[in-house]
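For the sequence shown, the numbering used here assigns the number 1474 to the initial residue and increments by one for each residue that follows. For reference, the structure is listed below as structure tokens.
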Amino acid sequence: MTVHKNKTLHLMIGGLLVLAYYAGLPAHLWDPEPGFAVPAPSQRTPAPDDTWQLNFASDGATMQTHAASMVELPDGRIRAFWFAGTREGSADVNIHSSVFDPATGDWTGEQVMLTREQVSEGLGRYVRKLGNVVPAVDSDGRLRLYMVVVSFGGWAASRLAVAESADDGSTWRISDGLVTSPFFNLSTLVKAPPIRYEDGSLGLPVYHEFAAKFGEVLRLDEDNRILERSRIGKLRESLQPLVLVNGPDSAVAFLRNANNSRPGILWRSDTRDTGHSWSSLDDGQLPNPGSAVGGVRLGKDHWLLVANNNAVERDDLYILETRDHGQTWQTLHAMHDDAALRNAPVSVDGFRDMVRTALSSIDEGPTTKDQRDRVMQAAVRNNCRSDFCVSQFDYPYVIRASNGDIHILYSWKKSLIAHAWWRAAQQDDRQLPLDQRQAHVEAAR
């Protein structure tokens, strides 16, 4: 009799615990699963003869600068982030930032946004190095920054920390609230812009490097809790997924190739059920040297990709366009192409001349002699081996602003963060005086 009572009591307690668990879940977990929030189609899209204004978001303050990202702030300005220091993975790497104002066409000076020590203090644990960051702005103006942090080992032992700001990035609160893996919460990294769902939840593309390399999308609520997760493709050798929403239920992902048995291509995967399942990774119909890509949706089946457009090196950077769901691609704009250096690498002196010419043709960025000397020193160190040099342009990050402008950030010879800007109104007002053009930009917000 006592045994029976004990069993009944245990069952009652267990039932109450289960009920308490489900009662404590957020109410929106019981809502129907949302579709993708589809970006509005662009009213104007870039043409091959349009102008892309080039400047620099960074000032050349450090020897290595890499992995830029950006987000449009509520007032229409663009805040950029990147990591910078002596070299990737060094203890002196911090998160840097600057802000672009489209009304003036100017970047603010580069500043250190978050230090490794600040992140370590905010998390309450030792942080050995910082890596990629991806920002997002919520409807209430809150700025979230997802950061790759490593306490021990290499990038495969990374985890994601979250920094939040209520004042456009002036001050930050750091938390460790994003639990992405049961294995000590390790091996989750970010690179590409987030997407949104119809209910306002955030879709964060991530990738893993521990044991296997693969991409995922995490659907997060406002408290950074994981509502859903879906793995992209089935191969175990892909990285850094870029997800472009094409419709309420459909999206395409392009992934960096980490497959040594099939090099030289860009992976692609599709979903037609709001990310619950993704197709097997397949050839994305573009050459790629195993590097990250950036891109945006301009309309139904109409996408732009910014990528290294060859199978072997990161010495070019192209803006590519498709209007047929990626079946065919056209070159919209060649941003850089130093492919000739593969067969005829330049000397260090010749490389210095190339860098000097490039810097002198751009007003915004490193302007003082000290800044330019430091950039020259960094460019030579980052791109030259022994007595010859090559070029490197990589890690593009692309957004379309609310006024239709397209912004591209990328690593320029790993020594500066370059910014290419296409203004949606540029072809209509390019002959106007500067003050009137600025007024048009302001009005377009």
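Glycine included, C-beta positions come from ideal geometry on N, C-alpha and C. Computed from a predicted model, the values in this text were never measured in an experiment.
- Rounded to whole angstroms, the gap between the alpha carbons of G1614 and D1722 is 27 Å.
- Excluding sequence positions up to five before and after D1755, its CB lies within less than 6 Å of the CB of R1741, all in the same chain and listed in chain order.
- Closest option to T1538, judged by alpha-carbon separation, among F1529, P1575, D1860: F1529.
- Residues of the same chain with a CB within less than 6 Å of the CB of F1861, apart from the 5 flanking positions on each side, are P1818 in chain order.
- A distance of 8 Å or more separates the beta carbons of V1718 and F1554.
- For L1708 and S1753, the gap between their C-alpha atoms comes out near 7 Å.
- L1603 is positioned such that its CB atom lies closer than 8 Å to that of V1566.
- Judged by beta-carbon spacing, H1806 lies within the 8 Å limit of P1521, meaning their Cβ atoms are closer than that value.
- Two segments are said to touch when three or more pairs of C-beta atoms, one from each, lie closer than 8 Å; by this definition the region 1589 to 1599 does not touch the region 1544 to 1552.
- Between P1760 and I1792, the C-beta spacing is not below 8 Å.
- In the DSSP assignment, A1684 falls outside any beta strand (DSSP E), carrying neither H nor E.
- Spatial neighbours of P1507 in its own chain (CB-CB distance under 8 Å, excluding positions within 5 residues in sequence) are listed in chain order as Y1670, E1671, D1672, S1674, T1747.
- Our two residues, Q1584 and G1720, have alpha carbons roughly 38 Å apart in a direct line.
- In the structure shown, the three-state DSSP call for A1576 is coil.
- Under the 8 Å Cβ criterion, the region 1848 to 1865 counts as touching the region 1876 to 1893, having at least three qualifying pairs.
- With fewer than 16 other Cβ atoms from the protein chains shown falling within 10 Å of its own Cβ, I1699 counts as exposed.
- R1770 is positioned such that its CB atom lies no closer than 8 Å to that of P1608.
- A Cβ-Cβ separation of about 5 Å places R1702 in contact with L1691 under the 8 Å criterion.
- Rounded to whole angstroms, the separation of the alpha carbons of K1773 and P1514 is 7 Å.
- Distance from the CA atom of S1612 to the CA atom of N1732, rounded to whole angstroms, is 39 Å.
- The DSSP-derived three-state label of T1559 is coil.
- Contiguous beta strand (DSSP E) elements confined to the region 1592 to 1650 occur at 1602 to 1610, 1616 to 1623, 1631 to 1638, 1646 to 1648, taking only those with 3 or more residues.
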